[in-house]
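> Protein chains in written order, with the working numbering: chain A, 306 to 724; chain B, 1447 to 1868; chain C, 5 to 307. Next up is a structure, given as C-alpha cells.
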Amino acid sequence: MRYQPLNLGRRVLWSATALLFLAAPQVFSASFALTLMTQMGTMIIFALSYNMLLGQGGMLSFGHAVYSGLGAYLSVHALNLAGQGAFPLPLPLLPLVGGLAGLAFGVLFGYVTTRRAGTTFALISLGVGEMVFAGVLMFPGFFGGEAGISTNRVVGQPFLGISFGPAIQVYYLVAVWCFVCMAAMFALTQTPLGRMANAVRDNPERAEFVGYNTQHVRFLQLALSAFFAGVSGALSCINFEIVSAENVSAIRSGGVLLATYIGGVPFFFGPIVGAVVFIFFVVALSGFTKAWLLYLGLFFLLMVLYAPGGIASIILMQIPVIRARRFGELVLPYALAAGAALVALAGLIGIVEMVYRLSEQGANTVLAVLGLSFDARTTPPWLAFGAVLVAGLAALRHAARFVSARWDTIQQSLQARAA
Amino acid sequence: MNQRTMHTLRAAAFAAATALVSYSAIAQNIRVAYIDPLSGAFAQTGEQGLAEFRFAADQINKRGGVLGGRKLEVLGFDSKVSPQEALNQLKRITDQGIRIITQGNGSNVAGALIEAVNRHNERNPGKEILFLNYAAVDPAFTNEKCSFWHFRFDANADMKMESLTTWMAGNKNIKKVYLINQDYSFGHAVKKAARAYLARKRPDIQIVGDDLHPLGKVTDFAPYVAKIKAAGADSVITGNWGQDMSLLVKAGKDAGLNVDWYTYYAGGLGTPTAMGEAAAGKVKIIAEYHSNVANNKAAKWDADYRKQAPKGNPDFYFLRGKIMWEMLAKAINQAKSAEPKAVAYALEGMRHAADLGEVEMRKSDHQLIQPLYVFTLQKSAARGGPKEAKIDMEGSGLAPVTDARLEAFTSAQPTSCQMKRP
Amino acid sequence: MLPVLFSAMEFVLVQTLNGISYGLLLFMLSSGLTLVFSLMGVLNFAHASFYMLGAYFAYQVSAKFGFWPALVVAPLLVGAVGMLVERWGLRTVHKYGHVAELLFTFGLAYLIEEAVHLIWGRLAVEYRVPAELDGPLFHIMGSQYPIYRGFMMLVSVTMLVSIWLALTRTRIGLVIQAALTHPQTVEALGHNVPRVFMLVFGGGAALAGLAGVIGGNAFVTEPGMAAAVGPIIFVIVVVGGMGSLAGAFVASLLIGCLQTFAVSLDWSLGGITVSQAAPVLPYLLMVLLLIFRPKGLMGTREG
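Next up, the structure:
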C-alpha cells in the first residue's frame, strides 16, 4: 500500500459543495428560487459536459445542444411510456435513459464529426446543429413539432411518500444527480483518457508520436461528453415536463458556450460558476429588466477582452496571494475598484434602462430610483447618468492602475521569494 | 380609562382600520397575468396585446369594475415565445397568487401552458388557475387537448378555413388553388383543412401545388413563386405569418405573379408595412374584425384606443380581446366570485351580445363561436383607393375592405373534446 | 406538347436566373468574410451583423437623401464601424488566440442585434427599392424578370472584378497579398501590418454593408435578418474553401442554384419532399464536404 497524503482540501471542498446543495433550499425557499436553483443544477451538468469538449479536449462546438436535446426527447418518450404503464421506470433513473440516448447520438454523430479538428470541427458542429434543429421541426410525429412533447413526472406509486410532484423534491433529485455527475466528470479528468484529451488539445502532433490516435481520443471524449449532456437534458425534461425544438436550438448551444466561457474554460470548476451566473442573467434578471440580453452580451464581451480565463481565473489568481498572506494589501485597491465599478455600472444601468423605455414606444418613460422620479424624455437625467458613468469609468481607470501596481509589487516579491 | 388613553386608542383603531381598508382595497384587485413575448424579435406583437388588454381593463374599471367595485389589473410576463420560459413565468405567477392567465402568441406556448395548468390544478386543489387563450389557434386545444380550465376566444385554424372555403366555394372564378405553408404543426393543419374542405365544397377546384417550407428561414421566395406561376394557379392559400408572409407577397409582385392571396395573418403587426403596395387588391385575410367593417358598433372603442395607442401599435386589432374581457367581467359578476372554478362554470355556455353580432362560448369544448369577415387589403382612400378603405393599417397605405361577412354558425365545427369537469 | 416544353423551358430559365442572382447576393456577403479569414485567420461571426447594419444605415440615409447616395455612404459607414471594432476589440483579443477572437465576434453579433432593436425597433422597417429600379427588366416567355435583380447581379460582378483588380494591380493590394502569407516579413520591410489588418477588416465589413444596401430592400429589413443569413455564408465560405475568393464565388452560385432548384423538385424521400428540405440542403452539403474534403472546393488552408 502506497502512502498517499490526505488531500484535505479536496475533501473539504467536496463536502462543502454537498452541504451547500443540501442547505440552499432551506435558505431560499420561494418557489421561484427553487426553480432557479434546479435550473442552475441542470445547467451545471450541461456546462461541465461542454467543457469536457472545449476546455479539456480543445474542441470548440457550436452544436452541443443536439446531444442534450435528443437525450431529453428520448427521456420524455420513455417517461410517457412509463406513465402509461408500459414498463416500470422510477423517475430517479430517468437521467440514465437520457444519458444513454446522448451517448448513442454522440457515437453516431461523433464518429463523423471528430474526423476533423479545430475550426473545421466547429463549423461541422454548427452545420449538424442546424440540420438537427430543422429535422426536429420536419418530423412532428416523433418530436411533437412546434409544441413539443409534454409529460407528467408524477408516475407510478410514490416511493416513501416521494412522488416528485412538489418542486422541492425535484430540486433534491437534480442536486443529487448534479453532485454525482460533477464527481464523475472530475474523476474522468484524472483518468488516462482525460489526460490524453488534454494532450491532444495542447499538441496533437506530439500525442500522435506518443502512440495515441488523436481522432480516437477526441471521439471518446465527445461520446462521454454527450452522455452527460443527455443526463442534463433528461433533468431539464423532468423539471419542465416539456421538451420542444428549443432544446436542440442554436440558442441553447450558444448559451452553454457563453456560460462555460464566462465561468472559465481552463478550470474544472469554471463552468459551475458560469452556469450559475448565466442562469441568473437569463432567468432572474430578465424578470427585472428588459435589457438583460444587452447586459449579458456586454458582460460576455468584457470577459473575452479582459478575463479570457473567466471568473474562475480571477478567483484562482488570488490564491497564491492569499497563501502568501498578502491579500490584505489588495483589499483597499480592490474595494476602490469595486466602488468605481459600481458607480460606472449605476450610470450605465440608468442610461440603458432609459434607452429601453424610450425605444418601447408607449412604455412609461417615467422611471424612479431611490424615491426620485424622472422622465426619460427630458435631458437632465441623461446628463446626470452620463456624468455618473464617465466619473465611474475615470475612477475605475485610476483604481485599475492602483490595483495593477499593487499586484505587480506583490507578484515581484513573491517571485523573488520563490527564486 | 382616562380621556387621553381613549383618544389614543381611538386614533389607533382608526389608523388600523384605514390601513386595513387600503390594504384590502389593493388586495381586492383581480389580477390577470398576460404571458406573451415582451422582449426579443416578437416583442412588439406581445406589446400590442398588452396595450389593448390594459385599455380594455381600464374601460371596465371606469364603468365600475366587477363585483361592486373591484378593479381588474393586467400584469405582463415575458414568454419569449418559448414554452419553457412561459412555464418559468407561470411559476412566478403562481408564487404571486395570481389566478387568471391569458396568452396568444404561439400555439407551442399555449400547449405547454394548458398542460401545466392542468397539472397545477390537479396538484393544488383550491388554488386553481384559469387560462384565457386569445390567439393560439391549433385546433387540438378544443379537441383532443381540451381542458375545463382553458377557454379559446379566437376561431381556430380549422374554423377559419371552414369559413374561408365556404366563401371561396361561392366564387366561380377560383379554379386552381396553390397551397404554400410553413412546415410546422400550424402549417400542416392549414394545408390539411384546405384540402379537405375544398374537396367537400368545390370538388371541381384543382389543387395544383402544395408546398411546405421551413419556418422563418427562407429569404428568397422567388423559386416558390416560379413554381406557383408554372402551375397556373389563380389563388394561393397560405397560413404564413411575419417575414414568411411579407417576403412571399413581395416576391410574387417582383415576378409579376397575378394571383389572389388568401391568408390568415397578412394583417399581423409589421406585415402590411413590409408588403407595401405589392399587396393592394390582391391580399385577402380572414379575421373577426377590421376597422372599416359596416355597422361597426366598436367604432368608438376603436377610435378611443387609437387616440391613446402607443406609437408602435397604432391599430385596434383584437376585437376578440375586447369580447374576452367583456365576457370575463360578465362571468365574474354572474358567479359572484373571482374564483377560477366558479368563473369557468359561468363562462362556459355563455352567450354575449358583442359589437358585431352575438357570440357563444360553447360548453362542449370552450371554443368561442363568432362571426368572421373575409376582407381585401386595398390602397387606402387617402392614396386613391376605394372610399370604403378609410382607416389604413399601421400607416402602410393599405386599408381593409370587406368582401363578405360570414355568420358565426358558418365556422362552427363538431368537436372531439371529452371534457372532464371538476 | 410544345406548350408544355415551352413552359418547362421558361421555368428552367427563370429558376436559373433566380438561382444566379441569389447566388451573387450570397457572394457579395461571403466575399468579405473570406477575405478577412484569409488574411487574419478570424472567422467573423458578426459578419452578417454588418450586412444588417448596411441595410439599416441605407434605410436611414435613403429616407433623407435617396437611394443612390445611400449606396455609397452606407457601406463606408459600415466599414468605419468595422475598423473601430478591429482597432478597439479584435486587436486586444488577438493575443488570446483564434478561439477568443471567434468568441468576441460571437458576442459582438448579439450586441449589434440588441443595438438595432433599440434604435430602429423590433419590426421591419420600410426600406424600399427606388422607383427607377422597380419593375420588369425583360419579359421571358410570359414571366417577368425584375430590374432590381439585374441590378443586384451587376453590382456583384462589378464588385468581384474591382476586388480582384485592387488585390492584383494596386500597391496596397500587393501588400495585402504578401501579408497573407508572410506578415512578419512584410512588417520587417516597413509596412504597417496592423493598419493593413484594420483596413482589410473594415473593407470586409464594407462589402457586407454593400450587400445589405442591395439586399435589404429586395428582401425585408428587420432585426432577424442577420441570424437568417448568417449560417448560410459560413456554409459558403467552408464549401468554397476557406481562403479562396474564387472558391467563394463558385460556392455561392452553387448553393444559390441548389436551393433554388431544390424547391422545384417534388421528389420525396421518407415522407419529406426535397422542396421541404431545400433550405437545409446547404448544411448537409457543408457537413459532407467537411468530412471528405475539408479544404473545400478550392481552399488553400484547412483552417
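Even for Gly, the Cβ is constructed at its ideal location relative to N, Cα and C.
#1: Cβ atoms of residue 358(A) and residue 520(A): under 8 Å apart, would you say?
#2: When you compare each of 269(C), 157(C), 109(C) and 37(C) to residue 242(C) by their alpha carbons, which one comes out closest?
#3: Just to confirm the assignment, what range does the alpha helix (DSSP H) spanning residue 1641(B) have?
#4: Say yes only if the C-beta of residue 90(C) is nearer than 7 Å to one or more non-hydrogen atoms of the ligand FAD, and no if none qualify.
#5: Could you spell out where the alpha helix (DSSP H) holding residue 715(A) opens and where it closes?
#6: Between which two residues does the beta strand (DSSP E) carrying residue 1652(B) extend?
#7: Could you pull out every residue in the same chain whose Cβ sits closer than 6 Å to the Cβ of residue 1472(B), ignoring the five residues on either side in sequence?
#8: Does residue 267(C) get closer than 8 Å to chain B when you measure Cβ to Cβ?
#9: In whole angstroms, give me the CA-to-CA distance for residue 569(A) and residue 247(C).
#10: Tell me whether the beta-carbon of residue 1801(B) lies closer than 8 Å to the beta-carbon of residue 1822(B).
#11: Which residue from 468(A), 498(A) and 622(A) puts its Cα closest to that of residue 388(A)?
#12: Under the three-state reduction of DSSP, which class applies to residue 673(A): helix, strand or coil?
#13: Taking all protein chains shown into account, decide if residue 1584(B) is buried (16 or more other Cβ within 10 angstroms of its Cβ) or exposed.
#14: Kindly list, in the order they appear in chain C, the residues whose Cβ is closer than 8 Å to that of residue 622(A).
#15: Quick check on DSSP: helix, strand or coil for residue 1816(B)?
#16: Residue 225(C) by DSSP, collapsed to three states: which one?
#17: Looking at the C-beta of residue 296(C), does it have a partner C-beta in chain B at a distance below 8 Å?
#18: Under 7 Å between beta-carbons, which chain D residues line up against residue 1824(B)? List them in chain order, please.
#19: Beta-carbon of residue 467(A) versus every beta-carbon of chain B: anything under 8 Å?
#20: Between residue 1724(B) and chain C, is any beta-carbon pair separated by less than 8 Å?
#21: Going by DSSP, what residue range makes up the beta strand (DSSP E) through residue 129(C)?
#22: From residue 130(C) to residue 225(C), what distance separates their C-alpha atoms?
#23: Residue 655(A) to residue 1632(B), Cα distance in whole Å?
#24: Within 10 angstroms of the Cβ of residue 87(C), are there 16 or more other Cβ atoms? Answer buried if so, exposed if not.
#25: Which of the residues in the stretch 117–148 of chain C, read from start to end, lie with their CB under 7 Å from any CB of chain B?
#26: Beta-carbon separation of residue 238(C) and residue 431(A) under 8 Å?
#27: Contact between the stretch 84–102 of chain C and the stretch 584–596 of chain A: three or more CB pairs below 8 Å?
#28: Would you kindly work out how many angstroms separate the C-alpha atoms of residue 1520(B) and residue 1541(B), rounded to a whole number?
#29: Let me make sure I understand the geometry here. Which of 1573(B), 1474(B), 1711(B) and 1556(B) has the alpha-carbon closest to that of residue 1788(B)?
#30: Beta-carbon of residue 4(C) versus every beta-carbon of chain B: anything under 8 Å?
#31: What residue from 1725(B), 1853(B), 1863(B) and 1674(B) has the CA that sits closest to residue 1809(B)'s CA?
#32: Per the contact definition of three or more C-beta pairs closer than 8 Å, is the stretch 469–478 of chain A in contact with the stretch 1654–1668 of chain B?
#33: Using 8 Å as the limit for Cβ to Cβ distance, is residue 71(C) near chain B?
#34: Chain C partners of residue 1715(B), CB-CB under 8 Å?
#35: Check the Cβ of residue 585(A) against every Cβ in chain B and list those closer than 9 Å, keeping chain order.
#36: With 8 Å set as the bound, which would you pick, yes or no: does the beta-carbon of residue 50(C) sit closer than that to a beta-carbon of chain A?
According to the structure data:
#1: By 1-based counting over the first sequence, the position of residue 520(A) is 215. By 1-based counting over the first sequence, the position of residue 358(A) is 53. Contact flag unset, no.
#2: As a first step, residue 242(C) must be located in the third sequence, where it is residue number 238. Closest option to residue 242(C), Cα to Cα, is 37(C).
#3: Locating residue 1641(B) in the second sequence gives position 195, where the first residue counts as 1. Its alpha helix (DSSP H) spans residues 1631–1647.
#4: This structure lacks the ligand FAD, and indeed carries no ligand of any kind.
#5: One-based indexing of the first sequence puts residue 715(A) at position 410. 685–723 is the extent of the alpha helix (DSSP H) around residue 715(A).
#6: Counting from 1 along the second sequence, the entry for residue 1652(B) is found at position 206. That run of the beta strand (DSSP E) goes 1652–1659.
#7: As a working note, residue 1472(B) is residue 26 in the second sequence. Legend: pLDDT at residue 1472(B) = 48, less than 50; position of this residue unreliable, value from coordinates given subsequently. Hits under 6 Å: none found.
#8: Taking the first residue of the third sequence as position 1, residue 267(C) is located at position 263. By this cut-off, residue 267(C) is an interface position.
#9: Within the first sequence, residue 569(A) is the residue found at index 264, counting from 1. Within the third sequence, residue 247(C) is the residue found at index 243, counting from 1. Rounded to whole angstroms, residue 569(A) to residue 247(C) spans 31 Å at the Cα level.
#10: Walking along the second sequence from the start, residue 1801(B) turns up at place 355. Walking along the second sequence from the start, residue 1822(B) turns up at place 376. No, these two residues do not count as a Cβ contact at 8 Å.
#11: Your numbering for residue 388(A) matches position 83 in the first sequence. The option with the nearest alpha carbon to residue 388(A) is 468(A).
#12: Position 368 of the first sequence, counting from 1, holds the residue named residue 673(A). Correct three-state label for residue 673(A): strand.
#13: As a first step, residue 1584(B) must be located in the second sequence, where it is residue number 138. Flag for residue 1584(B) reads buried.
#14: As a working note, residue 622(A) is residue 317 in the first sequence. Per Cβ cutoff of 8 Å: no residues; residue 622(A) is ~16 Å from chain C at best.
#15: Numbered from its first residue, the second sequence carries residue 1816(B) at position 370. Correct three-state label for residue 1816(B): coil.
#16: Residue 225(C) sits at position 221 when you count from the first residue of the third sequence. Reduced to three states, the DSSP call for residue 225(C) is strand.
#17: In the third sequence, the residue the question calls residue 296(C) occupies position 292. It does not: the Cβ of residue 296(C) has no partner Cβ on chain B nearer than 8 Å.
#18: Absent from the structure: chain D. Protein chains present are A, B and C.
#19: Here residue 467(A) refers to the residue found at position 162 when the first sequence is read from its first residue. No, residue 467(A) lies away from the interface with chain B (no Cβ there is under 8 Å from its Cβ).
#20: The residue you call residue 1724(B) lines up with position 278 of the second sequence. No, residue 1724(B) lies away from the interface with chain C (no Cβ there is under 8 Å from its Cβ).
#21: Here residue 129(C) is taken as the residue at index 125 of the third sequence, counted from 1. Taken as a continuous stretch (DSSP letters only), residue 129(C) belongs to no beta strand (DSSP E), as it is neither H nor E.
#22: As a working mapping, residue 130(C) is identified with position 126 in the third sequence. As a working mapping, residue 225(C) is identified with position 221 in the third sequence. The straight-line gap from Cα to Cα measures roughly 7 Å.
#23: In the first sequence, counting from the first residue as 1, residue 655(A) sits at position 350. In the second sequence, counting from the first residue as 1, residue 1632(B) sits at position 186. For the pair residue 655(A) and residue 1632(B), the Cα-to-Cα distance works out to about 42 Å.
#24: Residue numbering aside, residue 87(C) sits at position 83 when the third sequence is read from its first letter. With 16 or more Cβ atoms within 10 Å of its Cβ, residue 87(C) is classed as buried.
#25: 125, 126, 127, 128, 130, 132, 140, 147 and 148
#26: Translated into the one-based positions of the third sequence, residue 238(C) becomes position 234. Translated into the one-based positions of the first sequence, residue 431(A) becomes position 126. Cβ distance < 8 Å, so residue 238(C) and residue 431(A) count as in contact.
#27: no
#28: Walking along the second sequence from the start, residue 1520(B) turns up at place 74. Walking along the second sequence from the start, residue 1541(B) turns up at place 95. Looking at the backbone, the Cα of residue 1520(B) and that of residue 1541(B) are separated by about 16 Å.
#29: Taking the second sequence and counting its residues from 1, one reaches residue 1788(B) at position 342. The shortest C-alpha separation from residue 1788(B) is found at 1573(B).
#30: Because chain C spans 5 through 307 in this model, residue 4(C) falls outside it and cannot be assessed.
#31: Translated into the one-based positions of the second sequence, residue 1809(B) becomes position 363. Ranked by Cα distance from residue 1809(B), the first of 1725(B), 1853(B), 1863(B) and 1674(B) is 1863(B).
#32: no
#33: Walking along the third sequence from the start, residue 71(C) turns up at place 67. Contact with chain B is absent for residue 71(C), since none of that chain's Cβ atoms lies less than 8 Å from the residue's Cβ.
#34: Residue numbering aside, residue 1715(B) sits at position 269 when the second sequence is read from its first letter. Under the 8 Å cutoff, chain C gives 127.
#35: Against the first sequence, residue 585(A) aligns to sequence position 280. Residues of chain B passing the Cβ test: none, with the nearest at roughly 13 Å.
#36: Locating residue 50(C) in the third sequence gives position 46, where the first residue counts as 1. Cβ-Cβ to chain A under 8 Å: no for residue 50(C).
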